[in-house]
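Novice: Under the numbering used here, the residues of the sequence shown are numbered 3 to 136, in order. Just so you know, even glycine gets a beta-carbon here, dropped at the ideal spot from N, CA and C.
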Amino acid sequence: MTAIVKTTRAGKGKNPAKPSDLLRLVEKSLDDDKAEDIVAIDLKGKSSIADYMVIATGRSSRQLAAMAEHLHEKLKAKGLAQVGVEGERQGDWVLIDGGDVIVHLFRPEIRGLYNLEKMWRMELPEAERVAALG
3 MTAIVKTTRA GKGKNPAKPS DLLRLVEKSL DDDKAEDIVA IDLKGKSSIA DYMVIATGRS
63 SRQLAAMAEH LHEKLKAKGL AQVGVEGERQ GDWVLIDGGD VIVHLFRPEI RGLYNLEKMW
123 RMELPEAERV AALG
């Protein structure tokens, strides 16, 4: 999976959305598209890459692609100038970079393989937390 640069620039004449507003938009979009097991992880104090990470499961590659497309459109409509999307052609794991909210969409067996929830929910020792935040 290719890393995507964090982008939160708003389009012309638009104010950037608050991270909590973006999180609600992401969760609603995924729920509307019948995503399963939607999990939001608060990254504040754990990483500087984003404020939230959302992980969800789709039943098929086609459903993942549709969820990613709908979410991409909604994030752009909310004022994000650049929204990165990776992996939609393969359809096993789609990454959507909404700046302050990063979204991972998986097919069930791939989600179980990577188990991102376990990794990101772990509490880091203080020294590692300071290093992660830069």
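I'd like the span of the alpha helix (DSSP H) that includes L32, first residue to last.
Specialist: Taken as a continuous stretch (DSSP letters only), the alpha helix (DSSP H) holding L32 covers P21 to D34.
Novice: Tell me which same chain residues have a C-beta within less than 8 Å of the C-beta of H72, skipping the five on either side of it?
Specialist: Excluding residues within five positions, the ones whose Cβ falls inside 8 Å are S31, D34 and D35.
Novice: So what does DSSP say about I51, is it helix, strand or coil?
Specialist: Coil at I51, not helix or strand.
Novice: Apply the 10 Å Cβ neighbour rule to A70 and answer buried if 16 or more other Cβ atoms are within range, or exposed otherwise.
Specialist: Classification for A70: buried.
Novice: Can you give me the Cβ contacts of T59 inside the same chain, cut-off strictly under 6 Å, excluding the 5 residues immediately before and after it?
Specialist: Here the set comprises E38, D39, F108, P110 and R113.
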